[in-house]
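Following: one structure in structure tokens, then a few remarks.
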Amino acid sequence: MKIRDVLIEDTFAEAFTMRAARVVITARNDKWAREAALKFTGFATSVIACKCEAAIERMLPPEETPDARPGASILIFSTDTDGLGKRLIERIGQTVLTCPTANCFDGLPDSPVRAAAGRALRVFGDKFQISKVVGGQRYWRVPVMEGECLLQESFGIEKQGIGGGNFLILAEDADSALGAAEAAVAAIDGMPGVILPFPGGIVRSGSKIGSRGYTSLIASTNDAYCPTLRLTTASALPEGVNSVLELVLDGLSADAIGQAMRIGIDAACRSGVRAITAGNYGGNLGPHHFHLRTIMAGDGAA
Amino acid sequence: MSAVVALELRAPVDGVVETDGVNPDRLAALGEREIAALPAWAGTRQGALGDFFKVRGERSARVAILGSVANVNGLGAGMAGGELIIDGDAGDRVGAGMTGGLVDVRGNVQHDAGAAMGGGVLRVSGNAGDRLGAATPGASRGMSGGEIVVSGSAGSEAAARTRRGLVVVVGDAGSFAARAMIAGTLVVLGRTGAEPGRSSKRGTIIAVGGIDVPVTYWHACTFQPPHVRLTMTYLRRRYGLPIDDLVAGGIYKRHCGDAGDRGRGEILEWAGR
């Protein structure tokens, strides 16, 4: 299969089931909503070292937020419910509670599995905190030096979230690779239920499991896709490929990831790109397989 | 099973009619005859609901009472679910003790509406009498959950002894609003009457249209309370209340009290933008 002369390799992305939460941060204006959201999602690129993966899903207009202020919708993923609850406590506590004018709300209110992050953080109020129930949801008013911070008591956990959807852009040079990756990120940006947790949505240091030289490493450079190692390792790079960038996608459903991959790959198929491929582990580790050609034919995830 | 159970007074009632069990979750399990046989009292005389009301329909959790029933008491009291629409005025204790469902009164209600309510929604398009959402006589606690929204004004002691829940009065509230409030929230978009929040332990009065703050409350600060914005936004979206942005996102004076009783209650007095 080719799209605009770019080969779509006959392979699949292998992804994993993860726990996910959607956090809605609101603030006085876009600037402060984004500020809190950027801090919240900082150092959250990979569960391998960050314990979670998070990014801004999209910015929200006032009519879409609980308190009618500008907001940011964030998706955060982790490997287990308990761990995700801890990450929520840490990140809300350090980046929303501290941020001027920011409040924090649950973005998955229908989820029966809950992480009581707001309830845990209420104790910062040192028994001066006040609870309020509005529309059947409990919130905590935590007194702070600015005035009050409002935190929702609990956050819904989606147990069927998916982490690790991906595709790799094999390009003739670094400029072409970056341009195609940026185009893919722009196309995916704002799609509901999916995030790209890496810097600018792009990964340059794709990894393989384990290490050939250091036994203690759980991941090391994906040497098969490193152009500088073409002659010194079992390279997977076609002739003429000199730079590779990857997009990693986490989503609330296979559908969300499949749609985002389709739109992103389509945007990445442009001049200077030789092929699109995907990362997998032979299909034995992750239960979710996103076959590139199936997706690009419009049939979503396998 | 019908789409709705409709009750209509056979004739205007002299005196007061007390009902027991006219609520949707109970009527949902009853046939037309069984509904007509439910007990009702006119003064000391016990009769049946069918003596006063024409009953049409059966086994539906949607109940409509057609016409004004201003001297029929206890409608929707204790209901746990379903929908009760009263297409006119209603008597005392509408929705008292209800724990779920919706009571929608398209008129005025008398006293003790939503008293000791534990959940659900009570909407009143007109005015409410005294002790809206308050405690039943002799009880230490009033409303413990749910929401009451009155589009008109309310009498005295609205939200008195409230333990939890949200009471909203779009018009004015009478004297002793939120008296001995334990927790919960009373929103008054009109003027709040004399002696508000007396002996309140905790809880919040949000006073938009003017209030005389008792001397037993002290001024803490002026600020923009985030939960007021959340509450006002919710009320606009959920109930279509005409709440201005200046009110939702405005500045409020925080008064803490009542000094005579723990002092953890608050009056949030709207101070404009």
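Residue numbers (the working numbering), protein chains in the order written: chain C, 21 to 322; chain U, -13 to 259. Built from N, CA and C at the ideal position, the CB exists for glycine as well.
- P219(C) sits in a helix when the DSSP states are folded into three classes.
- In the DSSP assignment, C242(U) falls outside any alpha helix (DSSP H) and within the unbroken beta strand (DSSP E) covering 238 to 243.
- Of all residues in the segment 71 to 89 of chain C, the ones placed with a Cβ closer than 8 Å to any Cβ belonging to chain U are P86, D87, A88, R89, in chain order.
- When C-alpha distances from A122(C) are compared across R161(C), S255(C), G278(C), the shortest belongs to R161(C).
- Between A245(U) and chain C, the shortest Cβ-Cβ separation is not below 9 Å.
- Secondary-structure assignment with DSSP links C124(C) through a beta bridge to I45(C), L171(C).
- Distance from the CA of V214(U) to the CA of T85(C), rounded to the nearest whole angstrom, comes to 14 Å.
- When the alpha-carbon of T115(C) is set against those of A47(C), I296(C), A295(C), the nearest one is in A47(C).
- The three-state secondary structure of Q279(C), taken from DSSP, is helix.
- The three-state secondary structure of I253(U), taken from DSSP, is strand.
- Taking P258(C) as the centre and dropping the five residues before and after it, the same chain places the C-beta of L190, R294, A295 closer than 7 Å to its C-beta, in chain order.
- Only residues of its own chain outside the window of five on either side were considered, and among them A40, E178, G181, G213 have a CB closer than 6 Å to the CB of L272(C), listed in chain order.
- Per DSSP, the unbroken alpha helix (DSSP H) holding C70(C) starts and ends at 67 to 70.
- Bridge pairing for L141(C): absent [DSSP].
- Shown here, E18(U) sits in a helix according to DSSP, grouped into three states.
- For the set I222(C), S236(C), L170(C), the Cα lying nearest the Cα of Q149(C) is the one of L170(C).
- Taking a Cβ-Cβ cut-off of 7 Å, the neighbours of K152(C) in chain U comprise T171, H213, given in sequence order.
- In the structure shown, the three-state DSSP call for G151(U) is strand.
- Note on geometry: alpha-carbon atoms of N300(C) and A288(C) lie some 20 Å from one another.
- Residue H97(U) holds the alpha-carbon nearest to the alpha-carbon of D78(U) among G86(U), R92(U), H97(U).
- Among the CB atoms of chain C, one or more fall inside 9 Å of the CB of L152(U).
- Taking C-beta atoms as the reference points, G93(U) and G74(U) count as a pair closer than 9 Å.
- For R222(U), the uninterrupted alpha helix (DSSP H) segment begins and ends at 212 to 225.
- Every beta strand (DSSP E) stretch that sits fully inside the segment 87 to 128 of chain U and reaches 3 residues is listed by chain position as 88 to 91, 107 to 110.
- By the 16-neighbour rule on beta-carbons within 10 angstroms, R232(C) is exposed.
- At a cut-off of 9 Å between C-beta atoms, N49(C) does not count as an interface residue with respect to chain U.
- By the Cβ criterion, the segment 210 to 227 of chain C is in contact with the segment 266 to 283 of chain C, since at least three pairs of Cβ atoms, one from each stretch, lie closer than 8 Å.
- Of all residues in the segment 158 to 178 of chain C, those with a C-beta nearer than 8 Å to a C-beta of chain U are Y159, R161, G167, E168, C169, L170, reading in chain order.
- When secondary structure is reduced to three states using DSSP, L61(U) falls in the coil class, being assigned neither helix nor strand.
- Between the segment 139 to 159 of chain C and the segment 175 to 187 of chain U there are fewer than three inter-stretch CB-CB distances shorter than 8 Å, so the stretches are not counted as touching.
- The Cβ atoms of A15(U) and A23(U) lie no closer than 9 Å to each other.
- Relative to P90(C), the option among G235(U), D198(U), G246(U) whose CA is nearest is G235(U).
- Excluding the 5 residues flanking it on each side, I68(C) has same chain C-beta neighbours closer than 6 Å at A239, in chain order.
- With distances taken between CA atoms, M(-13)(U) lies nearest to E18(U) out of E18(U), E4(U), V2(U), L(-5)(U).
- Residue burial is scored here from C-beta neighbours: A(-3)(U) has fewer than 16 other C-beta atoms within 10 angstroms and is therefore classed as exposed.
- The C-alpha of P129(C) lies about 7 Å from the C-alpha of F175(C).
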